[in-house]
Every structure is written in structure tokens, then in C-alpha cells.
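Asker:
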Amino acid sequence: MTILTQVEQVEIKYPSSDGEPMAESDITRDYMIYTVEAANLYFQGRSDVYVSANSFIYYEQGNNQAVVAPDFYVVFGVAKRKRDNYKVWEEGGITPDFVLEITSETTQTKDQETKPEIYRALGVTEYFQYDPSGDYLNPILQGVRLVNNQYEPIPANNIAFDTLWLFSEVLGLELHIISGELRFRVPETGEFLKTHKEENLGRLAAESAFQESEQARLAAESTLRSLLTQLLNSGMNLEQVAQMMNLSTLEVRRLVGENF
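Under this note's numbering, think of the first position of the sequence shown as 619, with each following residue one higher.
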């Protein structure tokens with residue numbers, strides 16, 4: 619008789635949160651929104667770039683304690699799709715290429731001591747830290763790049779304490795601090811990346827300016843039409859009016875119609 623022994627496999631859970639409410643400052647939250655939306659818009663034409671913020675990255679299968687949650691990160695070479703969390707072994711072993719941490723009083727030690735070692739071990743090519751308060755980092759934006767499995771500082775172009783920029787080779791973007799505010803800039807065009815809201819506001823402003831310009835053009839054309847009609851009604855012929863107003867006879871006829 620063959621006795622079959624069933625070994626119960628305990629399924630390991632990989633939560634998408636730690637069960638605690640997210641306790642981010644307004645500043646940190648706003649920069650997470652900016653970096654994710656701006657980067658997603660910038661890479662919107664690429665299906666192999668994944669952009670996320672404050673989500674769990676699990677990097678050891680079978681060990682749900684091997685986890686890190688960057689404030690912002692970008693992964694190249696994986697499908698652009700919605701994820702509850704990022705499991706490295708389900709993504710062909712591909713780890714983030716770029717990480718940004720927004721440093722604060724509560725995260726300073728982890729951001730400067732613990733996380734760099736994790737990111738180095740994962741092969742994260744570039745690791746940036748940004749301190750919006752200016753209390754914990756000097757300069758307030760710093761970056762390192764992986765060279766021979768060690769992080770080396772990325773040179774900063776300092777203008778003032780709260781105005782500087784660094785170039786990210788991974789993103790192909792400049793990270794600018796302007797009066798303490800973080801923005802991505804496209805070096806080829808000089809354009810600063812915007813969020814969806816900023817893009818929409820810019821579009822609405824452009825549409826509003828066009829409408830105002832069109833209304834002004836129509837009003838000016840109406841005034842000119844009235845003047846041309848008065849001149850023609852005074853006894854002047856089409857050619858005389860055109861010469862007087864420095865217009866072609868075709869333009870005068872278009873404005874006043876075929877009645878003259």
C-alpha cells in the first residue's frame with residue numbers, strides 16, 4: 619500500500635500596503651504627484667517604461683520582508699501597466715533604474731544609510747535625494763550613479779543653496795531646483811515638464827488667448843468693413859478705396875461683399 623503524504627504549502631502574501639494609513643506631508647505628496655505625472659507624460663510614447671511612487675518593491679521571492687518603497691522610481695524594459703506592487707522575480711529580474719527619495723526628518727537616516735545599500739545591491743543605476751525643507755541635505759538635491767558596483771556622486775551645478783541642477787543619464791532629464799522647487803527639464807528644448815493639471819491649464823490658457831485674439835480680429839474686421847462701406851457710399855470707387863486703405867481690391871470686395 620502506498621501512503622501519500624500531503625504537505626500543506628503556506629502561501630506567502632505580498633501586501634500592497636502595510637495596513638497603516640499613508641502619512642505623507644503635503645510637500646512629499648505633491649512632489650510624488652509631480653514626479654509621477656511629469657515622467658508619465660514624458661515617457662507616454664514608450665510602452666516599456668514603468669513609473670511609480672510610494673509602492674512596494676519586493677526583491678526576494680519567498681521573503682515578504684525583503685521590500686522597499688521608494689518615493690518615486692522608474693523602470694525601463696518592463697511593460698507599462700497598472701500594478702498593485704512590483705515583484706522583481708515576476709518582471710524578469712529587472713529592477714528600477716532610477717530612484718528618488720524625498721528626505722524629511724523621519725526618513726533622513728533610512729534615505730542616507732539604509733536605502734542606498736539596498737538600491738546598490740539591486741543595481742539601481744541612479745539614486746537621488748531631495749530635501750524640500752533644506753534642513754537635512756546640503757545641497758538640498760543630491761544624486762549618485764552606480765559605477766563598478768559602487769555609488770559615485772553626480773556633479774551638481776550649484777547656483778545658490780536653493781537653486782541648482784543635476785543631470786540624470788538614466789532619464790535623459792535635468793533635475794532642477796529653482797528657489798527650492800523641484801522640476802524636471804528637457805535639456806534639448808529647455809522645457810520644464812508639467813503635470814496633467816498644469817498641461818490642461820496651459821492648454822486652457824492657450825485656447826482662451828486664441829479666442830480673445832480671434833474676437834479682437836473679428837472686431838477689427840467689422841470696424842474696417844464699416845469704414846470701407848462708408849467710403850464706397852460716399853462716391854469713391856473700389857479701386858480708390860483700395861488704394862486709400864492700402865488694400866487689394868479683392869480684399870476690399872471680400873470685406874464689403876459683392877454689392878459694390
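Heads up, the beta-carbon is just placed ideally off N, CA and C, and yes, glycines get one too. From a predicted model like this one, the values you see are computed outputs, not experimental measurements.
1. Between K700, F694, I720 and K705, which lies nearest to N682 when the distance is taken from Cα to Cα?
2. For the alpha helix (DSSP H) holding I736, just list the boundary residues, first then last.
3. Let's see if you can read the secondary structure: which residues bound the alpha helix (DSSP H) around A687?
4. DSSP on L789, reduced to helix/strand/coil?
5. List the whole-angstrom C-beta distance separating V874 from L846, where the pair is believed to meet the contact cut-off of C-beta under 8 Å.
6. What's the C-alpha gap between P633 and I777?
7. Taking all protein chains shown into account, do 16 or more other C-beta atoms lie within 10 angstroms of the C-beta of N864, making it buried, or fewer, making it exposed?
8. Can you give, in chain order, each stretch of the beta strand (DSSP E) that sits fully within the region 755 to 784 and has at least 3 residues?
9. Name the two residues that bound the continuous beta strand (DSSP E) containing E708.
10. Can you tell me the Cα-Cα spacing of D715 and D729, whole angstroms?
11. Per DSSP, V717 forms a beta bridge with which residues?
12. Determine, using beta carbons only, whether K631 and S665 come nearer to each other than 8 Å.
13. According to DSSP, is S831 part of a helix, a strand, or is it coil?
14. Would you mind sorting L868 into buried or exposed? The rule is 16 or more other CB atoms within 10 Å of its CB.
15. Leaving out five residues on either side along the sequence, give the residues of the same chain with a beta carbon under 7 Å from the beta carbon of F694.
16. Which class does V859 belong to by DSSP, given the choice of helix, strand or coil?
17. To the nearest whole angstrom, what separates the beta carbons of L811 and Y676, a pair I think is in contact under 8 Å?
18. In chain order, what residues of the same chain lie with their CB nearer than 6 Å to the CB of S635, ignoring the 5 residues before and after it?
19. Based on Cα-Cα distance, which residue from P688, G853, V859 and G663 lies nearest to Y748?
20. Would you call the CB atoms of I736 and V686 closer than 8 Å?
21. Please state whether DSSP places Y652 in a helix, a strand or coil.
22. Mind checking which residues open and close the beta strand (DSSP E) that includes V696?
23. Helix, strand or coil, according to DSSP, for Y676 in the structure here?
24. Which residues mark the beginning and the end of the beta strand (DSSP E) in which L868 is found?
25. Have a look at A656, V859, T713 and D780 and flag the residue whose alpha-carbon is nearest the alpha-carbon of E678.
26. When you compare the CB positions of T813 and A656, do they come within less than 8 Å of one another, or not?
27. Please work out which residues of its chain come closer than 8 Å, Cβ to Cβ, to V654, disregarding the five sequence neighbours upstream and downstream, and give them in chain order.
Answerer: Looking at the atomic coordinates:
1. K705
2. K733 to L740
3. Here A687 belongs to no alpha helix (DSSP H), and DSSP marks it neither H nor E.
4. coil
5. 5 Å
6. 43 Å
7. exposed
8. 759 to 765, 768 to 771 and 775 to 778
9. From DSSP, E708 is part of no beta strand (DSSP E); its letter is neither H nor E.
10. 17 Å
11. Y691 and Y745
12. no
13. helix
14. exposed
15. D666, V667 and D715
16. helix
17. Incorrect: roughly 29 Å between the Cβ atoms, too far for contact.
18. none
19. P688
20. yes
21. helix
22. Here V696 belongs to no beta strand (DSSP E), and DSSP marks it neither H nor E.
23. strand
24. Per DSSP, L868 belongs to no beta strand (DSSP E); it is in the alpha helix (DSSP H), T867 to V874.
25. T713
26. yes
27. V669, S670, A671 and F690
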